[in-house]
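Colleague: Provided herewith is a single structure, encoded as structure tokens, for subsequent inquiry.
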Amino acid sequence: MPGPILRQLFLALFCLLFASGCGAAIQRNGTDQLLLSDSVDRAIDQLDLSPLAGRTVYLDTTYMQTFKGANVFINSDYIISALRQKLTTTGCLIQVTRLEADYVIEGRVGALGTDSMEVTYGIPSSNGLGTAASALGGVPAVPVIPEISVGKRNGVKGISKIVVFAYHRETSIPVWQSGSAVARSDARDSWFLGIGPLTRGSVYNGTMLAGNRINLPFEKKIKTQGVQPLTMADKHSYVHPAVLEQQLTDAQAIVTPNIEQASHQTGGMPTTTSPVKPTPVIPTPATPTPATPTPATPTPVTPTPVTPTPVTPTPVTPTPVTPTPVTPTPVTASSAAPTRVLKP
Numbered sequence: 012m013p014g015p016i017l018r019q020l021f022l023a024l025f026c027l028l029f030a031s032g033c034g035a036a037i038q039r040n041g042t043d044q045l046l047l048s049d050s051v052d053r054a055i056d057q058l059d060l061s062p063l064a065g066r067t068v069y070l071d072t073t074y075m076q077t078f079k080g081a082n083v084f085i086n087s088d089y090i091i092s093a094l095r096q097k098l099t100t101t102g103c104l105i106q107v108t109r110l111e112a113d114y115v116i117e118g119r120v121g122a123l124g125t126d127s128m129e130v131t132y133g134i135p136s137s138n139g140l141g142t143a144a145s146a147l148g149g150v151p152a153v154p155v156i157p158e159i160s161v162g163k164r165n166g167v168k169g170i171s172k173i174v175v176f177a178y179h180r181e182t183s184i185p186v187w188q189s190g191s192a193v194a195r196s197d198a199r200d201s202w203f204l205g206i207g208p209l210t211r212g213s214v215y216n217g218t219m220l221a222g223n224r225i226n227l228p229f230e231k232k233i234k235t236q237g238v239q240p241l242t243m244a245d246k247h248s249y250v251h252p253a254v255l256e257q258q259l260t261d262a263q264a265i266v267t268p269n270i271e272q273a274s275h276q277t278g279g280m281p282t283t284t285s286p287v288k289p290t291p292v293i294p295t296p297a298t299p300t301p302a303t304p305t306p307a308t309p310t311p312v313t314p315t316p317v318t319p320t321p322v323t324p325t326p327v328t329p330t331p332v333t334p335t336p337v338t339p340t341p342v343t344a345s346s347a348a349p350t351r352v353l354k355p
């Protein structure tokens, strides 16, 4: 009699047998374009254009010709627009003509395409053997064997390579080069016993099963630490247009007032002068200068003379004194002996 472990194994195989299904990806044109655009964005994000920030530049696209192939939207036009976005967000001032710029930036595309790979875990179908046998005369037809596989995986990678360099327009002296910016993006589809496709890759946000987002318990979650640099795929608002226009108007009104040239009239017709068009000046932030402490000088204090104020005497009114009547006290004769007066 089989043990409990063997019974559980048979039960698991039975459940997998009845839970098997079938799924297929019919067309991948949208995924291929998404892979190409994602690889282009990743490659341009590697470019460090900070040395040219604040300079007037001209983007030369002579060697980035547009080719309308299978990828209608992902071509040189998309790469040129992505480069202009990178230049603008870095702080470069893009000019329309070459003569208006101080520096010329030239770019080229080294690679732009996709690679695919298919892996089957099991017995593949024998359609190729039947086709080869039918091409040979007198060879009996080989029966077609269907695909019998436990699992299957299809993978597509998008690859792009972009190189950019810059030089001074008047002297043609090189000032900067980016090196080879190579980026790859991938998309993988997996099937297990016909269940799928289980889609994962750098162009997807998580894992999807037959087009629906699922959360796998064993999926590794990527944790970002600190502030990540802004990429081309991020949503970001730099400044509101109304706020920018108000700031430019205020700066132009303060820095560059309207100046009119003075005209001297002679005996002939009066000369009419037109106001000088103000040149927009970008305000430069002032560098704070450390203040030097100045020793304080004591101020002499002048004494103010005090003027004595005369005191007016106040007249004193005498108060009348009412005499108090004295009542005489009667003297009673005593029996004492009279006093003898001695004469000289």
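The sequence shown begins at 12 in the numbering used here and counts up one residue at a time. Heads up, the beta-carbon is just placed ideally off N, CA and C, and yes, glycines get one too. If you're wondering where the values come from, they're calculated on a predicted model, not measured in any experiment.
If you run the structure through DSSP and keep just helix, strand and coil, what is ASN165?
Modeller: The answer is strand: DSSP assigns ASN165 an E or B state.
Colleague: Taking the DSSP output, what are the residues bridged to ILE206?
Modeller: Paired residues: PHE203.
Colleague: Three-state secondary structure (DSSP) at SER137?
Modeller: Three-state result, SER137: coil.
Colleague: In three-state terms, what does DSSP make of ARG66?
Modeller: If DSSP states are grouped into helix, strand and coil, ARG66 belongs with coil.
Colleague: Indicate whether ILE85 and LEU58 have their beta-carbon atoms separated by less than 8 Å.
Modeller: No, the pair does not count as a contact, with Cβ atoms beyond the cut-off.
Colleague: If THR42 and ALA198 are in contact, beta carbons under 8 Å, what's the gap, nearest whole angstrom?
Modeller: Between ALA198 and THR42 the Cβ distance is about 5 Å, and since that is below 8 Å, they are a contact.
Colleague: DSSP state of ALA93, grouped into three classes?
Modeller: Reduced to three states, the DSSP call for ALA93 is helix.
Colleague: Who are GLU181's beta bridge partners in DSSP?
Modeller: DSSP lists no partner for GLU181.
Colleague: May I ask whether a heavy atom of the ligand HEM can be found less than 7 Å away from the beta carbon of ASN86?
Modeller: Looking at this structure, you won't find the ligand HEM or any other ligand, since it has none at all.
Colleague: Which value, in whole angstroms, describes the spacing of the CA atoms of THR101 and VAL186?
Modeller: Each residue's Cα considered, the two are about 17 Å apart.
Colleague: Label ILE90 either buried or exposed according to how many other C-beta atoms from any shown protein chain fall within 10 Å of its C-beta, with 16 as the threshold for buried.
Modeller: Buried, since its Cβ has 16 or more Cβ neighbours within 10 Å.
Colleague: How big is the Cα-Cα spacing for GLU181 and VAL214?
Modeller: Near 43 Å, if we compare the C-alpha coordinates of VAL214 and GLU181.
Colleague: Hey, could you find the ends of the beta strand (DSSP E) LEU220 is sitting in?
Modeller: Taken as a continuous stretch (DSSP letters only), the beta strand (DSSP E) holding LEU220 covers 218 to 220.
Colleague: Going straight from the alpha carbon of TYR132 to that of THR210, what length do you get?
Modeller: Distance between the alpha carbons of TYR132 and THR210: 18 Å.
Colleague: Leaving out five residues on either side along the sequence, give the residues of the same chain with a beta carbon under 8 Å from the beta carbon of ALA108.
Modeller: Note on residue identity: the sequence assigns Thr, not Ala, to residue 108. If we look at THR108 and ignore the five residues flanking it on each side, its Cβ neighbours are TYR69.
Colleague: In chain order, what residues of the same chain have a beta carbon less than 6 Å from the beta carbon of GLY212, not counting five sequence neighbours either side?
Modeller: If we look at GLY212 and ignore the five residues flanking it on each side, its Cβ neighbours are ASP197, ALA198, ARG199.
Colleague: Under the three-state reduction of DSSP, which class applies to THR42: helix, strand or coil?
Modeller: Here THR42 sits in helix by DSSP.
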